[in-house]
Amino acid sequence: MSVATVNPYANHSQLTPLESEVLWEYAKLADKLKRIAALARETSEKPNSELLVDLRELERKMKLVLTLESRFEAEAEAAEEQDDQTVGQYHQSDASLQQRWDDQWQGDESTIMR
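Residues in the sequence shown are numbered from 1 upward in steps of one, following the UniProt record's numbering.
Put into structure tokens, the structure is as follows:
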């Protein structure tokens, strides 16, 4: 007879139905805690080899992901820096072209004004 399926306090003469239900819940909880303790003890005494293999595989994959992530971040930073340099060069050449245009325009204007 399992505590999980049958209430051992159900027909006790000195308990109310509510007290019987409360005691039954405590008995079921105690049974679950005993099973958890037994499983924890068993696991600590002999590790699950399949679990260890799975954890090692997961660790290997996580190392790969973290390596790729750090490389991606480095490449993104390098690309951003390169983009900043390109934009800076563009603005310098744009300013140079603008100056040449202004110089040429002012020269043409002085020729036209004469």
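Positions of the beta carbon are idealized from the N, C-alpha and C atoms, including for glycine.
When the Cα atoms are used, what is the spatial distance from residue 61 to residue 68?
So the two alpha carbons sit approximately 11 Å from each other.
Helix, strand or coil for residue 53? Go by DSSP, reduced to three states.
In this structure, residue 53 counts as helix in the three-state DSSP scheme.
Quick check on residue 17: does DSSP put it in helix, strand or coil?
Residue state, collapsed to three classes: helix.
Determine the contact status of residue 3 and residue 34, defining contact as a CB-CB distance below 8 Å.
In this structure, residue 3 keeps its C-beta atom at 8 Å or more from the C-beta atom of residue 34.
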